[in-house]
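Remarks on the structure that follows.
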Amino acid sequence: MRRDECSGEERRSIVITGAARGLGFASSVRLYREGWRVVAAMRTPDAGMALLREATGAGEHDDRLIGVQLDLTDGASIAAAAKAIEEAVGAPNAVVHNAGISAAGMVEEADLDLWQRMFATHVMGPVALTKALLPSMRAAGRGRIVLVCSSAGVRGQPGTAPYSASKGAMERWGESLAAEISPFGLGVTSLIAGTYDTDIITDVGTTDDRDLAGPYARLHQTMNSRGRFAIKFARPPERFADGLVKALEDNGSFRRHGVGPDASMLLVFSRILSSPGMHHLSRLALGIPRQGSMRGGAFPLTGAQKAMVLAAKVLPQPAMKRLVEVAMRRAATKEAADQGTQNHA
Ligand SMILES: NC(=O)c1ccc[n+]([C@@H]2O[C@H](COP(=O)([O-])OP(=O)(O)OC[C@H]3O[C@@H](n4cnc5c(N)ncnc54)[C@H](OP(=O)(O)O)[C@@H]3O)[C@@H](O)[C@H]2O)c1
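Using the working numbering, you'd call the opening residue of the sequence shown number 149 and step up by one each time.
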């Protein structure tokens, strides 16, 4: 820890991965303002650091905002980043494993390369960086590893298994690590992030491995519209930074917090309900048809489609024609609005 020359107070140092955008960017700005020495680790520091300096007002030679190149899928980049971090701040007081990627697609659809990238980004890369930094943190006898996990990793979420599985694995290796390093005075915090308004929840920020005309088309259709509805409630990334600042006060050997009302609610449900109960709850929430209903290629109708069939049976033809026109106009308006939201994201 370095002392502030004016106040004589000790400056705490923090490494944040994926600091160029989204939650990592908002957290870096906030922690800099809170007086931390921030090591912002990112794939392209030239572009990212300029934005961070602009947002914080930090000068190019400010030793409280340091950029480090880091690509979590590249072993040489991880080793060089660990060296640069230790040269800059010594043993960091906290390391926030925030960098992440997302993807959509059923297990049958998702490419195996995608599984590899997910595990490289959320498991192998963060583990390698942690391994490289632990000797100095252990020698210092203090430090916190913070894992930015996800509601999707609390239990397997359909339509995004590589993300769910790798975020779940992130939680598990963190739990193992906590017990191993706590005798040396170190600790681990898992943050279960809810939905925040960043690139990762947009179409452009997500790898799309879905086959929209394939056997899972019916599931994609409902999951897509419900997912887009949920995204409307995404919170600004600065609210995530509030949760991180609070979590950095943790000093127990292991802590797990939901960040955001949706994540906190999910944690409560997952404590109360059995595993099959949680399975059915998420199936219902995502509009996935009951077991066996698509056997033999049957394509069950959505609620809205069933209502249309019923209306066609009971309504006179002119009323039905009018209803169809209204429905088509609403669908076109909704599609245009969705398109607008994506273009703004
Ligand atoms: N936003 C949400 O709703 C939400 C919900 C739950 C969990 N999370 C988690 O929160 C974390 C931050 O996500 P976000 O919402 O801020 O998403 P984001 O805006 O897409 O930012 C992701 C960041 O991760 C970096 N990154 C990706 N692959 C990397 C790699 N191989 N090496 C180094 N950095 C890499 C990106 O770097 P580049 O800028 O170079 O691409 C980017 O800075 C992720 O772990 C995500 O899973 C987010």
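Glycine is no exception: its CB is placed at the ideal position from the N, C-alpha and C atoms. Keep in mind it's a predicted model, so treat the numbers as computed, not measured.
Looking at the DSSP output, Gln-264 bridges to nothing. Here the C-alpha atom of Val-407 lies approximately 16 Å from the C-alpha atom of Val-336. Going by DSSP, Ala-455 is part of the alpha helix (DSSP H) stretching over 451-462. Beta-bridge partners of Asp-356 (DSSP): Ala-252. Annotated three-state conformation of Arg-191 is coil, per DSSP. Secondary structure of Thr-204 (DSSP, three-state): helix.
In the DSSP assignment, Gly-335 is bridged to Arg-292. In this structure, the C-beta of His-270 approaches ligand 1 to less than 8 Å from one of its heavy atoms. Contact fails between the stretch 409-425 and the stretch 347-361, because fewer than three Cβ pairs, one in each stretch, are under 8 Å apart. Thr-308 has its alpha-carbon roughly 17 Å from the corresponding atom of Ala-411. Counting of Cβ neighbours within 10 angstroms places Gly-301 among the buried residues, the total reaching 16 or more. Nearest neighbour of Val-187 by Cα position, chosen from Asp-259, Val-457, His-428 and Ala-239, turns out to be Ala-239.
If you draw a straight line from the Cα of Asp-359 to the Cα of Gln-305, it comes to about 18 Å. Where His-368 is concerned, there is no enclosing beta strand (DSSP E), although the alpha helix (DSSP H) around it starts and stops at 365-379. A Cβ-Cβ distance of about 6 Å is found for the pair Ala-167 and Ala-189, placing them in contact under the 8 Å criterion.
Annotation: the continuous alpha helix (DSSP H) that includes Val-302 extends over 299-302. In this structure, ligand 1 has no non-hydrogen atom nearer than 8 Å to the beta-carbon of Met-413. Separation of the CB atoms of Phe-402 and Ala-326 is rounded to 4 Å, and the pair is thereby assigned contact status at 8 Å.
No heavy atom of ligand 1 is found nearer than 8 Å to the CB of Asn-241. Set against 8 Å, the gap from the CB of Met-442 to the closest heavy atom of ligand 1 is not smaller.
Looking at the DSSP output, Ser-401 bridges to nothing.
Exposed is the label assigned to Gly-183, since fewer than 16 other Cβ atoms lie within 10 Å of its Cβ. For Leu-421, the secondary structure class from DSSP, reduced to helix, strand or coil, is coil. Taking a cut-off of 8 Å for Cβ pairs, the stretch 428-435 and the stretch 364-380 touch, as three or more such pairs fall below it.
When Arg-169, Asn-241, Thr-192 and Ile-162 are compared, the shortest CA-CA separation from Tyr-180 is found for Ile-162. Excluding residues up to 5 positions away in sequence, Leu-295, Val-336 and Ser-338 lie with their Cβ nearer than 6 Å to the Cβ of Gly-322 in the same chain. Per DSSP, the continuous beta strand (DSSP E) segment holding Gly-215 begins and ends at 213-217. His-209 sits exposed, since fewer than 16 C-beta atoms from the chains shown fall within 10 Å of its C-beta.
Taking all protein chains shown into account, Gly-172 has 16 or more neighbouring C-beta atoms within 10 Å of its C-beta and is therefore buried. Closer than 8 Å to some heavy atom of ligand 1: that describes the Cβ of Arg-191.
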